[in-house]
Structure formats: structure tokens, C-alpha cells
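So the structure is just underneath, and the comments pick up after that.
Numbering (my numbering), first residue to last: 4 to 409.
Structure (C-alpha cells):
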């Protein structure tokens, strides 16, 4: 399990509002240097930056809502900020501020502020609304809530984006400040290296870790799918006691997630949950962590809860897999990110292979009204945001090179 849960009292980290450090970092392209060295992002392209520039010039309160397939996404948005000559504020998970002083300082100095994902963080929400009302910089919120490693597929969105945008719109209207808008941002990574030479050593290591004979004689696509099936079956054995019958993969994934979460939800929330996994996970963590942080549980109980938190993490990782993701459109980009997902699940770390070209596409603004959210099953603002983002990702995904065996 990656270090995403911090067992100490939460302390809100406000955004740095100065411009000197961001100007230096942008001028010398320091985020570009970091991305090249540590995330393999070698080049970039910004499409339709004038759409964002028009909103900024009009003085609108601007929220940028990008998809979130890689941990590099927040830094990649620095290319967009540089293109339109602005700085950004961004909401970042508190665990990122606890991974070394340098990373914490860099996030803070570039306008990042913390949000506590394991509970209700009113201070963070209020700060997000304030910076949108002030409108001296755009605010970045990732509506998927966490990284997914499925660049062409948009996962469920969190309604907090609409709440923050509407709250800011109401205040801006009341104060006579003008419009509030959301710009969907499509981020797409294209791998420009040799996919066979890149992935074969990684697949060899994964097969070794699974205790398999190396399957060099198989086509690359088949090797990738076999490893995926093997990893999934191992989790089914872990939580069901045996592999499940060969049913439709989407249903199989849902059943495995429920098999993991339902017992925990019955214990901590009194009833099993359903639907989007991230809110379910947040509800569980918010019940389990406070007494651990306060030191109110025994060593045995603490160990038990950490095992449960590991199970919750497994459910979150499983939820990011998309049925037939590689088979339906076998692009080299989907092959790469799928193998990276396997690495992450087996080792908690991912090999960065370089040769990534990132496209940042700005969509037309979505006007945010001040009316109360309709009492319907889905928020129309989030429906529109989801439709816009998925349309962009589908179009960008079709630019990927299809895999052809060597």
C-alpha cells in the first residue's frame, strides 16, 4: 500500500499567494526539468489556450477540471499556466505534504493547499471558494479525486467540484464580480518510444514475481492480458477463497469490490454501500482513523485497522481497472499504462520510461449558475462536465498509435 494515509493529526496547509517563486519556476521551466527527469515527460503541446485566456481577461472566476491519469498531471498544468501567463491554485491531498520537505515546499510555493480526504475539510473547501471568488488565479480541482492510470477512460466524478463552483458563483454574483466558469481540461500522454523494447523487461519481472515461467514466446498483448487475469484471480482467491466463474468482467470487478468493502461497511457504517468507490472509501476511513490518530486504540486493534485500510486500498486500485481496456483499443499508450498499473499494484512503484509527449487541451467554458442543485439523481453540472471531459479524452485517445507486433 502506498503511503497515502497519514497517522497523525491533520493540519491545514494554506496556499502561498506570492508570485516571486512561481515566476522563477516558470521562467526557468523547473517543472519541465523535473517532469523530464522523474516522470518521463519529454515534450508537450497546449491546445486552445486562448479559451482560458478569454475567461481570465474577462475577470471570470475560473475552475480548471482536468482528468487525472498520472501523478504528473498537476505539474503538467504548469505548461498551460506558462502558455497563458498566469499562476494557479490547486487543491492537493494532505498526504502529498508529508512526503518530504522539498515536495511539500514545492507544492505550497506553487499555490497548492491541502485537503483532508479522510474527513470533512471545511477550511479547504472555504479556501477553494475564496480563491475562485477573488479570481486572481484559476483554481485546479481534479474531479476524479485520485490518479487512475486509464488515460482514455474517465472514472466517476466527485460532486464537490459542483458545490465549490456554485458556492463561488453565488458569492461572486452577490458581490457584483461577474461570471463563474469551469474549463474542462483534457490531459493525454502519448508514448513515443519502442513499446516492445520498453515493456518486455517489465513483463519479465512481473512474471517472475508471480512465479511463472517467462512467456517470451507469446505476443505482447496476450502476455499483458494474462498477467492482468492472473493478478485479478489472485485477489479473488484472497477475498473469495477461489477464482470466480468466468462472467462479464465489469460485473466481476464490482462483485470483488463489494466482497472487500461490504464487511467493512457493515462493521463501521452499519450497512453495505454501493456505487462510486471513492465516497465509500472516504466514509470508512473517516470512521476508522480518528481514534488511531488520537492513540485511543490498542496495538492489536491498530494492527487490525491497518489491515482493513490495506483492504480498502486494494478495492480502490481494483476500481481503476477498466474491463477490456486494452483489447477494445490496443494502443501503445494503453499497453504502457496498463503495465504501469500492474507494477504499481505489485511493487507500489512504477518504472518511468521517458519518451512521453503530453497534450493539454482546453475546452470551452461551462457557465456555472447560482440556482440550487436540482433534486435529481445526477447533478446536471457534473453531467455536462463528465460529457465534455470524456468527449475530449475519446478524441485524444484516437490519436494514439495502435500496437502492431514487431
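Virtual Cβ for every residue (Gly too), placed ideally from N, Cα, C.
{"Item": "Per-residue DSSP class, three states only, for residue 156", "Value": "coil"}
{"Item": "Contact under 7 Å by Cβ, residue 287 with residue 121", "Value": "no"}
{"Item": "Buried versus exposed call for residue 103 [16 or more other C-beta atoms within 10 Å across all chains shown]", "Value": "exposed"}
{"Item": "Reference residue 162; option with closest CA among 402, 388, 403 and 408", "Value": "388"}
{"Item": "Local Cβ density within 10 Å of residue 215, reported as buried at 16 or more and exposed below that", "Value": "exposed"}
{"Item": "Through-space distance from residue 397 to residue 127, alpha-carbon basis", "Value": "32 Å"}
{"Item": "7 Å Cβ shell around residue 115 - same chain, five flanking residues per side excluded", "Value": "18, 93 and 95"}
{"Item": "Opening and closing residue of the alpha helix (DSSP H) in which residue 202 lies", "Value": "198 to 212"}
{"Item": "Rounded distance between the beta-carbons of residue 221 and residue 338, thought under 8 Å", "Value": "Wrong, their Cβ atoms sit about 14 Å apart, outside the cutoff."}
{"Item": "Neighbour-count burial assignment, residue 273, 16 or more Cβ in a 10 Å radius", "Value": "exposed"}
{"Item": "Buried versus exposed call for residue 41 [16 or more other C-beta atoms within 10 Å across all chains shown]", "Value": "exposed"}
{"Item": "Beta-bridge partners of residue 94, as assigned by DSSP", "Value": "116"}
{"Item": "Per-residue DSSP class, three states only, for residue 144", "Value": "coil"}
{"Item": "Candidates 393, 346, 47 and 289, of which the one nearest residue 76 by Cα", "Value": "47"}
{"Item": "Nearest-angstrom beta carbon gap, residue 191 and residue 399 [assumed within contact, 8 Å]", "Value": "4 Å"}
{"Item": "Simplified DSSP assignment, three categories, for residue 407", "Value": "coil"}
{"Item": "Residue 145 versus residue 340: straight-line alpha-carbon distance, rounded", "Value": "19 Å"}
{"Item": "Residue 147 versus residue 276 - alpha carbon distance", "Value": "19 Å"}
{"Item": "Under the three-state DSSP convention, the category residue 64 falls into", "Value": "strand"}
{"Item": "7 Å CB neighbourhood of residue 53 in its chain, flanking five on each side removed", "Value": "none"}
{"Item": "Classification of residue 327 by the beta-carbon crowding that lies within 10 angstroms, buried from 16 upward", "Value": "exposed"}
{"Item": "According to DSSP, residues forming a beta bridge with residue 69", "Value": "188"}
{"Item": "Unbroken beta strand (DSSP E) run spanning residue 84, endpoints", "Value": "That residue, residue 84, is in no beta strand (DSSP E); its alpha helix (DSSP H) goes 76 to 87."}
{"Item": "CB of residue 66 within 7 Å of CB of residue 185, strictly", "Value": "yes"}
{"Item": "Per-residue burial, residue 135 [other beta carbons within 10 Å of its own, 16 or more giving buried]", "Value": "buried"}
{"Item": "Residue span of the alpha helix (DSSP H) that contains residue 250, given as start and end", "Value": "Here residue 250 belongs to no alpha helix (DSSP H), and DSSP marks it neither H nor E."}
{"Item": "Backbone CA spacing between residue 260 and residue 26 [nearest angstrom]", "Value": "45 Å"}
{"Item": "Candidates 62, 51 and 362: closest to residue 181 by CA position", "Value": "62"}
{"Item": "Candidates 30, 74 and 20: closest to residue 43 by CA position", "Value": "74"}
{"Item": "Status (buried if at least 16 other CB within 10 Å, exposed otherwise) for residue 80", "Value": "buried"}
{"Item": "Selection from 89, 85, 119 and 84 that minimises the alpha carbon distance to residue 100", "Value": "119"}
{"Item": "Residue closest to residue 359, alpha-carbon to alpha-carbon, out of 267, 50, 218 and 35", "Value": "35"}
{"Item": "Every unbroken alpha helix (DSSP H) within the segment 264 to 319, with a cutoff of 4 residues, ordered by chain", "Value": "280 to 296"}
{"Item": "Nearest candidate by alpha-carbon position, reference residue 3, set 109, 368 and 176", "Value": "Shown here, the chain extends from 4 to 409; a query on residue 3 therefore has no answer."}
{"Item": "Burial state of residue 294, where buried means 16 or more other Cβ atoms lie within 10 Å", "Value": "exposed"}
{"Item": "7 Å Cβ cutoff met for residue 9 and residue 98", "Value": "yes"}
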